[in-house]
Amino acid sequence: MTPSDASGGAPSGASAGRWSSLDRPPLNAAALERALVADGGLWSSVEVVAATGSTNTDLAARAGQLPEGAVLVAEEQTAGRGRLDRSWVAPARSGLFFSVLLKPGDSVPQERWGWLTLLAGVAAATGLSRAAGVDTALKWPNDLLITVNGEERKTGGILAERVSDGVVVGIGLNVTLTEDELPVPEAGSLILAKAAVTDREPLLKAVLRSLERWYGDWRAAGGDPAASGLQEAYAADCVTLGRHVRADLPGGRTLTGTAEAVDADGRLVVRTAEDRHEAVGAGDVVHLRSVR
2 MTPSDASGGA
12 PSGASAGRWS
22 SLDRPPLNAA
32 ALERALVADG
42 GLWSSVEVVA
52 ATGSTNTDLA
62 ARAGQLPEGA
72 VLVAEEQTAG
82 RGRLDRSWVA
92 PARSGLFFSV
102 LLKPGDSVPQ
112 ERWGWLTLLA
122 GVAAATGLSR
132 AAGVDTALKW
142 PNDLLITVNG
152 EERKTGGILA
162 ERVSDGVVVG
172 IGLNVTLTED
182 ELPVPEAGSL
192 ILAKAAVTDR
202 EPLLKAVLRS
212 LERWYGDWRA
222 AGGDPAASGL
232 QEAYAADCVT
242 LGRHVRADLP
252 GGRTLTGTAE
262 AVDADGRLVV
272 RTAEDRHEAV
282 GAGDVVHLRS
292 VR
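Heads up, our numbering is the position in the sequence shown plus 1, with the first residue counted as 1.
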């Protein structure tokens, strides 16, 4: 892996290749570290690489040697992963692709660590809404949605993976992808949603600062989603709630009904046509329609 240019600009004499797009300048690793790493803060290091397969895979491999708060950012991912082994690939410097290492330790029971995916969603939505000036909503359990031309589209995703003594949380966000570059018609990007800001550095700083705040509150509350305000915040931003949904569950089973709540374990509570309530902890959820 090759570190990105720390100066934030193209090398002297460069006029083509990966430095040629003035609309997609490289991230300034040194400036990010100065802004985010502070005594007593969560973030311990910020590393930016030009390209890698997956920031989650790389950070997980080094988790045992790194302190909590390590941040790894890639200008381009060639084998980015989402849930259910789906791929996440985008043009270089067109988005934010990064992973963070969190180690809640004994302060949070491990059965509550599953909330970190939802916490990252709340933090990202909060940070993006403030920094980019665009409404960002959540689709359970790990998608970030924006509105493009009146349509709900996915602009980001979150993947949390357990490591030996913590959790690696990866976040991918489409920032400047054009319609022609979208991998599927259902995808979106901040620029297509007419975001006020598409400069990746302030966006990344906003998301990481929001994540630091939410993680600190959650950890201080012993991981209690209600006491930390996380459960209420997630429900407020989650557009899955109130929708008629289909949940494709492990083992090939399908559940259809109305998504009514997110319970204390972070599971989606679905009321079926038979008026039964089932809690979905894993699976793929499809929004079918709003319930009037």
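By construction, the Cβ of each residue, glycine as well, lies at the ideal position given by its N, Cα and C atoms.
- Look at Asp218 here: in three-state DSSP terms it is helix.
- Straight through space, the alpha carbons of Asp276 and Val198 are spaced by roughly 45 Å.
- For Ser130, the enclosing alpha helix (DSSP H) covers residues Trp116 to Ala133.
- Listed in chain order, the beta strand (DSSP E) runs fully inside the region 190–253 are 244–249, counting runs of at least 3 residues.
- By the neighbour-count definition (other C-beta atoms within 10 Å, threshold 16), Gly258 is a buried residue.
- Close CB contacts of Leu119 within its chain, under the 6 Å cut and outside five residues either way in sequence, are with Tyr235 and Gly267 (chain order).
- Scanning Ala121, Ala194, Ala36 and Ser46 for the CA closest to the CA of Arg214 turns up Ala121.
- In the three-state scheme derived from DSSP, where H, G and I count as helix and E and B as strand, Thr58 is classed as helix.
- The straight-line gap separating the alpha-carbon atoms of Ala93 and Glu180 is approximately 16 Å.
- The three-state secondary structure of Arg154, taken from DSSP, is strand.
- Assigned with DSSP and collapsed to three states, Leu33 falls in helix.
- Of the other Cβ atoms in all chains shown, fewer than 16 fall within 10 Å of the Cβ of Ser165; this residue is therefore exposed.
- A Cβ-Cβ contact shorter than 8 Å links Ser95 with Val176.
- DSSP places Leu103 inside the beta strand (DSSP E), whose first and last residues are Gly96 to Leu103.
- Around the C-beta of Ala64, 16 or more other C-beta atoms lie within 10 Å, and the residue is accordingly described as buried.
- The residues Glu69, Asp166 and Gly167, in chain order, have a CB closer than 7 Å to that of Lys104 in the same chain once the five nearest residues on each side in sequence are set aside.
- Taking every protein chain shown into account, the CB of Glu76 has 16 or more other CB atoms within 10 angstroms, so this residue is buried.
- The three-state reading of DSSP puts Gly65 in helix, counting H, G and I together.
- Here Gly173 carries a strand assignment [DSSP, helix/strand/coil].
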